[in-house]
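For the sequence shown, full-length UniProt numbering begins at 1 and goes up steadily by one. Below: one structure, written as structure tokens.
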Amino acid sequence: MDLIDIQKDLKKILSAKRYRHSAGVADSARALADKYGANAEKAYIAGWVHDCAKELSLSEMHDIVNEHSLRLDKYVLSSKALLHGPVGSILCETKYGIDDKDIKSAIFYHTTGRTNMTLLEKIIFLADYIEPSRDFPGVDTIRKLAEKDLNQAVLSAYNSTIKHLIDQDAYIYDLTFLGRNDMVLLIDGENDTAR
């Protein structure tokens with residue numbers, strides 16, 4: 001499928017709000033890729049496709065996971081919010097014919113993050129957080145930070161997410177904590193090198 005066909009399919013399967021969000025993530029991802037030296041075409045495609053599974057039912061997601069023997073822990077399997085990334089990475093290939101491991105990985109981890117994130121994974125993670133239709137306290141600060149320092153902006157997005165989840169007395173997924181701490185160590189290492 002070419003990108004125009006993918007966009008047409010997304011327009012059919014996603015709500016208008018989710019489709020606008022995907023367009024915003026794609027544009028933001030391309031801009032971040034241009035700024036930080038990543039492949040802008042991969043970033044743009046991943047931005048469009050990242051939420052392709054978002055509006056499936058949990059049962060539909062489980063069917064896809066089982067069909068492809070994807071091994072995930074019980075918490076991810078119980079959460080549409082977390083499961084749509086891994087399922088989207090499968091649909092990226094099986095439905096849209098995108099067999100690029102970088103794009104699939106960026107889609108897989110766009111909600112949780114992880115340790116040792118690739119440049120493209122950071123870009124999709126951050127673009128999903130700061131795209132223009134997002135409106136929550138602190139988003140403008142993170143948008144400005146994204147113009148100056150990708151790693152600091154990713155860390156700020158992690159921090160904001162974790163604070164929000166704590167305020168909601170919600171479960172915080174392990175990879176999110178680990179990814180956040182990995183960014184702290186990476187930034188500390190960069191600062192040590194700069195001294």
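Cβ atoms here follow ideal geometry from the backbone N, Cα and C, with glycine treated the same way. Remember, predicted model here, so these are calculated numbers, not experimental data.
As assigned by DSSP and simplified to three states, the class of residue i
i: ARG134; result: coil
i: LYS54; result: coil
i: HIS62; result: helix
i: TYR75; result: helix
i: LEU70; result: coil
i: ARG114; result: coil
i: ALA170; result: coil
i: GLY47; result: helix
i: TYR36; result: helix
Option nearest residue i by Cα separation, candidates the options
i: ASN147; options: MET117, HIS68, TYR158 and GLU131; result: Note that residue 147 is Glu in the sequence shown here, rather than Asn. Of the listed residues, the one whose Cα sits closest to GLU147 is GLU131.
i: ALA153; options: LYS80, SER133 and ASP128; result: ASP128
i: ASP9; options: GLY97, SER28, LYS104 and TYR36; result: GLY97
i: SER57; options: ASP182, LEU82, TYR36 and ASN191; result: LEU82
i: ASP5; options: ARG30, ASP149, CYS92 and ILE64; result: CYS92
i: ARG143; options: LEU14, SER15 and ALA31; result: ALA31
8 Å Cβ shell around residue i - same chain, five flanking residues per side excluded
i: LEU186; result: ASN151
Residue burial classification, residue i (beta-carbon count within 10 angstroms, cutoff 16)
i: GLY138; result: exposed
i: GLY189; result: exposed
i: PHE125; result: buried
i: TYR75; result: exposed
i: ALA170; result: exposed
i: ARG71; result: exposed
i: GLY113; result: buried
6 Å Cβ shell around residue i - same chain, five flanking residues per side excluded
i: MET1; result: TYR96 and GLY97
Cβ-based neighbour list, residue i, same chain, cut-off 7 Å, excluding 5 preceding and 5 following
i: GLN7; result: TRP48
i: ALA29; result: ALA43, TYR44, ALA46, GLY47, ILE123, ILE124 and ALA127
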